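Colleague:
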Amino acid sequence: MPTMPRIASRELLTFLAVGGSGYVVDVAVFNLLRAQGALATTDPAWARTVAVLAAMVVTYAGNRWLTWRGVPAGDRRREVALFVLVNLVGFGFSVGCLLVSHDLLRLTSRLADNLSANVVGVALGTLFRFVAYRWLVFAAPAPPPEPRSPAPTGGPRVLVVSASVGAGHDGAADELARRAAAEGYAVDRADFLELLPRGVGRVLRSAYHLQLLVAPATWGWLMPRLGGAGSGPAALSARLARRGLLAACRPGTELVLSTYPLASQALGRLRLDGSLTCPVATFLTDMSVHPLWVAPGIDHHLALHDLPAAQARGLGAAGVVVTGPMVAPAFRPGPARVGTGPRDTRPRTLVVAGSWGVGDVARTVEDLLATGLVTPVVVCGTNQGLRRRVLGLPGAVALGWVDDMASLMRSCDVVVQNAGGLTSLEARQCGLPVLTYRSLPGHGRTNNAALAAAGWAAWAHGPRDLGATLLAVLGAEPPAAAPGVLDWAALLPAPLVAAA
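Per UniProt numbering, numbering through the sequence shown is continuous, rising by one, with the last residue being 500.
(1) Can you round the beta-carbon distance between T349 and V374 to whole angstroms, since I take them to be within the 8 Å contact cut?
(2) When the distance is taken between beta carbons, is R48 closer than 9 Å to V95?
(3) Three or more C-beta pairs under 8 Å: does that hold for the segment 398 to 405 against the segment 259 to 275?
(4) Quick one: what's S162 bridged to in DSSP?
(5) On the DSSP bridge assignment, give the partners of H300 in chain order.
(6) Might you give, ordered along the chain, the residues of its own chain that have their beta carbon closer than 6 Å to the beta carbon of A490, omitting 5 neighbours on each side?
(7) Which residues bound the alpha helix (DSSP H) around L85?
(8) When the Cα atoms are used, what is the spatial distance from E175 to T108?
(9) Quickly, what does DSSP pair L257 with across the bridge? List them, please.
(10) In its own chain, which residues sit with a C-beta less than 8 Å from the C-beta of L486, not counting the 5 before and 5 after it?
(11) Spell out the partners DSSP gives R239 in its beta bridges.
(12) Starting from A458 and walking both ways along the beta strand (DSSP E), at which residues does that stretch end?
(13) Report the partner residues of R348 according to the DSSP bridge assignment.
(14) Using the Cβ count rule (16 or more neighbours within 10 Å means buried), how would you classify S9?
(15) So, is Q384 buried or exposed, given that buried needs 16 or more other C-beta atoms within 10 angstroms?
(16) Report all residues from its chain with a CB closer than 6 Å to the CB of L399; omit the five preceding and five following residues, and keep chain order.
(17) Relative to the alpha-carbon of L212, which residue among L13, S439, A370 and V294 has its alpha-carbon at the smallest distance?
(18) Would the segment 196 to 205 count as touching the segment 456 to 471 if we require 3 or more Cβ pairs under 8 Å?
(19) To the nearest angstrom, how far is the alpha carbon of A54 from that of R332?
(20) So what does DSSP say about Y437, is it helix, strand or coil?
(21) Using only the alpha-carbon positions, how far apart do N31 and V120 sit?
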């Protein structure tokens with residue numbers, strides 16, 4: 001019987017041989033489309049896309065019937081869907097390298113395009129694909145997971161579906177779950193990424209995290225191309241999550257609340273085909289509404305403000321209601337001081353960049369220090385590399401993960417942020433002015449534009465504007481922000497009798 005090292009060696013060698021065949025197809029098609037002639041295209045990203053699609057056909061056939069021929073196929077549609085998903089993520093390595101080289105560094109020769117896309121990008125994508133193929137795509141399917149943290153009590157239930165990508169979606173879900181419990185519901189929680197087949201959620205989370213840390217500009221390029229309800233990402237995620245979502249909906253579930261767009265797409269399809277009979281509501285956690293947020297079949301779309309509500313209606317959303325932000329009650333105005341570091345007489349500026357600490361945060365801190373107006377207090381979240389950089393900047397206070405953000409906010413005078421997410425809303429509830437600076441691309445930029453249009457945040461567009469904008473927000477009246485209100489009866493087909 002072959003030993004595990006021999007099996008792994010055979011798999012690796014066969015995988016590389018199959019990958020080599022795909023690489024030949026990839027490079028040949030790419031250069032054919034970049035060459036002069038009838039098939040030529042001047043868009044290298046488009047040529048790259050066509051080349052990768054051709055190579056995917058070759059590599060799927062080779063890996064299915066050669067590399068992992070002894071592994072039972074199981075659900076072939078699931079396997080193909082996972083294969084496509086893994087290759088899309090692997091494709092992102094190649095396209096990201098090409099975009100950095102061609103568009104950011106302005107290295108536009110054919111040689112530079114080939115080196116960035118077909119050497120560096122392909123090498124990174126190949127390593128990722130082998131790991132994902134072996135332990136995810138060509139592996140026996142896992143049993144459907146149990147919903148996260150089910151409530152033990154009986155009676156009417158609410159299922160709250162979020163996703164562990166950063167903390168914004170989970171933060172809104174936490175508050176919705178708290179309010180549902182206060183209304184007398186038994187609350188079940190589910191992480192959409194954990195409801196996907198084994199390993200898919202981890203791949204998506206890690207790829208998104210890596211993209212924001214290493215090449216955030218590529219997210220700005222990718223986001224407009226993701227499409228809406230009829231797009232590939234929506235259809236694929238709905239198919240992959242169907243089994244897990246149905247398992248998460250326990251008997252007695254009277255309402256499902258989603259705070260994540262791909263979860264809403266999957267839930268909407270379950271409503272349309274009759275598999276899910278209870279109402280489903282999407283809580284739009286963003287101030288700007290990407291088409292993926294709006295799903296046919298969803299009964300209610302709950303918005304933070306009139307601006308996202310209007311955007312949702314324009315995209316065809318049903319049951320649009322403005323509820324306001326869903327922010328924990330701990331975020332309220334009031335005096336509090338915590339020991340965050342050396343004190344001085346300058347106003348404290350709380351610098352936040354999400355739970356992952358992404359974006360051009362160190363330069364933001366340098367620019368704030370250069371104004372001489374404030375003391376930056378920087379929440380680095382899980383990004384230890386960022387914390388080390390900030391610790392090296394005299395005059396700044398570097399914090400890691402903070403459990404009590406409400407008290408920390410009340411110890412500061414202004415919040416500087418880059419994503420337009422949950423922290424911006426929490427700051428307003430604490431009575432703090434919010435300033436946007438060095439915005440993240442993609443939905444960060446659209447969220448921040450909506451915050452500015454709503455009057456919920458000021459936006460300094462560069463170092464020249466920063467000092468004046470800081471003085472303006474520090475001299476203004478604290479924002480008055482009412483807590484969000486959710487009419488549970490309006491979401492249900494029948495009124496709920498609260499549990500005793």
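Ideal placement from N, C-alpha and C gives every residue a C-beta, glycine not left out. Owing to the predicted nature of the structure, the values given are computational and were not obtained by experimental measurement.
Modeller: This is what the structure holds:
(1) For the purposes of this step, residue 349 is identified with residue 349 of the sequence shown, where counting begins at 1. For the purposes of this step, residue 374 is identified with residue 374 of the sequence shown, where counting begins at 1. Right, the Cβ-Cβ distance comes to about 4 Å (below 8 Å), so this counts as a contact.
(2) Residue numbering aside, residue 95 sits at position 95 when the sequence shown is read from its first letter. Residue numbering aside, residue 48 sits at position 48 when the sequence shown is read from its first letter. In this structure, R48 lies closer than 9 Å to V95 by Cβ.
(3) no
(4) Position 162 of the sequence shown holds residue 162. Its beta-bridge partners are D191.
(5) Along the sequence shown, read from residue 1 onward, the residue named residue 300 stands at position 300. Paired residue(s): A281.
(6) On the sequence shown, residue 490 is found 490 positions in, with the first residue counted as 1. If we look at A490 and ignore the five residues flanking it on each side, it has no Cβ neighbours.
(7) Your numbering for residue 85 matches position 85 in the sequence shown. Where L85 is concerned, the enclosing alpha helix (DSSP H) stretches over R76 to L99.
(8) Numbered from 1 along the sequence shown, position 175 holds the residue referred to as residue 175. Numbered from 1 along the sequence shown, position 108 holds the residue referred to as residue 108. Those two C-alpha atoms are separated by around 49 Å.
(9) Walking along the sequence shown from the start, residue 257 turns up at place 257. Bridge partners of L257: V160 and A281.
(10) Here residue 486 is taken as the residue at index 486 of the sequence shown, counted from 1. Once the five neighbours on either side are set aside, the close Cβ partners of L486 are L176, R179, L302, T323 and M326.
(11) For the purposes of this step, residue 239 is taken as the residue at position 239 of the sequence shown. Per DSSP, none; premise fails for R239.
(12) For the purposes of this step, residue 458 is taken as residue 458 along the sequence shown, with counting starting at 1. From DSSP, the beta strand (DSSP E) with A458 extends over A458 to A460.
(13) Taking the sequence shown and counting its residues from 1, the one referred to as residue 348 is at position 348. For R348, which the question treats as bridged, DSSP gives the partners T375.
(14) Here residue 9 refers to the residue found at position 9 of the sequence shown. Under this definition S9 is an exposed residue.
(15) Position 384 of the sequence shown, counted from the start, is the residue given in the question as residue 384. Burial call: exposed.
(16) As a working note, residue 399 is residue 399 in the sequence shown. Counting only Cβ-Cβ distances below 6 Å, and skipping sequence neighbours, we find V379.
(17) As a first step, residue 212 is located in the sequence shown; it is residue number 212 there, counting from the start. Looking at the Cα atoms, S439 is the closest of the given residues.
(18) no
(19) As a first step, residue 54 is located in the sequence shown; it is residue number 54 there, counting from the start. As a first step, residue 332 is located in the sequence shown; it is residue number 332 there, counting from the start. Their backbone Cα atoms lie some 55 Å apart in a straight line.
(20) Taking the first residue of the sequence shown as 1, we reach residue 437 at position 437. Three-state DSSP puts Y437 in a strand.
(21) Position 31 of the sequence shown, counting from 1, holds the residue named residue 31. Position 120 of the sequence shown, counting from 1, holds the residue named residue 120. Cα to Cα, the separation comes out at about 17 Å.
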